[in-house]
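Quick notes on the structure that follows.
Residue numbers (our numbering): 11 to 97.
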């Protein structure tokens, strides 16, 4: 959930213009490129890519604080389990 808060800010446009979110956007673009390789006619590769990242962050948060909202259960290996789920 913290990831989402980082760009839900009042000065998002100026921060974006200054390149604050460049790394995140590049990561989303890389995954979108893979999606396009797998299915070139898919209309929403960036949307799917950014949604996957947001979903992953939410699942980690849920596992730690609201466990009934996720199937991730291993407290010590959450990131490994998340990778398995996304794999």
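Positions of the beta carbon are idealized from the N, C-alpha and C atoms, including for glycine.
Values in this document were obtained by computation on a predicted structure and should not be read as measured data.
- Inter-segment contact for the stretch 32-42 and the stretch 55-67 is present: three or more beta-carbon pairs are separated by less than 8 angstroms.
- 8 angstroms or more divides the Cβ of residue 66 from the Cβ of residue 32.
- Judged by beta-carbon spacing, residue 82 lies within the 8 angstroms limit of residue 92, meaning their Cβ atoms are closer than that value.
- Annotated as distal: residue 47 and residue 70, with beta-carbon spacing of 8 angstroms or more.
- Following the DSSP letters along the chain, one finds residue 69 inside the alpha helix (DSSP H) bounded by residues 55-75.
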